[in-house]
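This report refers to the structure that appears directly beneath it.
Numbering (my numbering), first residue to last: 2 to 236.
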């Protein structure tokens, strides 16, 4: 089992799968997650599948309902996706200069877009996505990165750079011009402690290991869904 990860499971809520990661100790986290996003402490994290036409009036409350139903700690960080979690939820690890980083992720496309451009051709992209893998649903890219060492706040923010860039690398390797989807979510987890690493950019050991693991995890999920470009020209 990767460092600081106690268990990895796929559970179920209302017939929809939920990928769950429990940590060996309380972890600091900085995230854009729906549930307990921002800067917090977490004992667990989960990525829950929702229907492709999901329009809940209270997504935070709904994620909390899933957390409570599964018996997860109140401080759990929760993300959502319309991708089929039982097919695409995966954990990958990578090491650089003996620095080991683990990543859990899901990925599915339909609302993929080039950053800085408006989302267009959504209906056409969705129809193509729905035909793949026995009508698998369109989704989102969710990524959780587990650092092996305590990080400063600056380092947590800095680590988002190689994470996001690696996500786009995974897209590029599958032939996509798009850099991600309009609903992607990221999270950085690290242990608590006084001896904190400050530099985590693309040239650092942590940044390199994280980027490699993200590329592997996102790429694996995209391949699991048979995702490939619809060849819409960029606008």
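Backbone N, C-alpha and C fix where the C-beta goes; we use that ideal spot for every residue, glycine too.
Computed from a predicted model, the values in this text were never measured in an experiment.
Continuous alpha helix (DSSP H) stretch holding residue i: start and end
| i | result |
| --- | --- |
| residue 228 | It is not in any alpha helix (DSSP H) - residue 228 carries neither H nor E in the DSSP assignment. |
| residue 3 | Where residue 3 is concerned, there is no enclosing alpha helix (DSSP H), given that its DSSP letter is neither H nor E. |
Whole-angstrom C-beta distance between residue j and residue i, which should lie under 8 angstroms
| i | j | result |
| --- | --- | --- |
| residue 95 | residue 210 | 5 angstroms |
| residue 172 | residue 179 | 6 angstroms |
| residue 44 | residue 68 | At roughly 11 angstroms, the Cβ-Cβ gap does not stay under 8 angstroms, so residue 44 and residue 68 are not in contact. |
| residue 110 | residue 182 | 6 angstroms |
| residue 214 | residue 103 | 7 angstroms |
| residue 14 | residue 73 | Incorrect: roughly 11 angstroms between the Cβ atoms, too far for contact. |
| residue 100 | residue 206 | 4 angstroms |
| residue 159 | residue 216 | Actually they do not touch by this definition, with Cβ atoms about 18 angstroms apart. |
| residue 174 | residue 208 | Rounded, the Cβ-Cβ distance is 19 angstroms, inconsistent with contact. |
Collapsed DSSP secondary structure at residue i in the structure displayed
| i | result |
| --- | --- |
| residue 179 | coil |
| residue 38 | coil |
| residue 209 | helix |
| residue 269 | Here the chain covers residues 2 to 236 and nothing more, so residue 269 does not appear. |
| residue 44 | strand |
| residue 91 | strand |
| residue 62 | helix |
| residue 148 | coil |
| residue 85 | coil |
| residue 169 | helix |
| residue 11 | strand |
| residue 79 | strand |
| residue 51 | coil |
Unbroken beta strand (DSSP E) run spanning residue i, endpoints
| i | result |
| --- | --- |
| residue 101 | 100–107 |
| residue 26 | 17–32 |
| residue 192 | 186–192 |
Cβ pair residue i, residue j closer than 9 angstroms
| i | j | result |
| --- | --- | --- |
| residue 5 | residue 192 | yes |
| residue 203 | residue 163 | yes |
| residue 76 | residue 107 | no |
| residue 145 | residue 222 | no |
| residue 161 | residue 198 | no |
| residue 90 | residue 18 | yes |
| residue 40 | residue 154 | yes |
| residue 20 | residue 86 | yes |
| residue 147 | residue 105 | yes |
| residue 246 | residue 78 | There is simply no residue 246 to check, as the chain begins at 2 and stops at 236 in what is shown. |
| residue 157 | residue 185 | no |
Looking at C-beta atoms only, is the number of pairs between the segment 82–89 and the segment 21–41 that lie closer than 8 angstroms three or more? no
Would you be able to state if there are at least three C-beta pairs under 8 angstroms between the segment 57–74 and the segment 208–228? no
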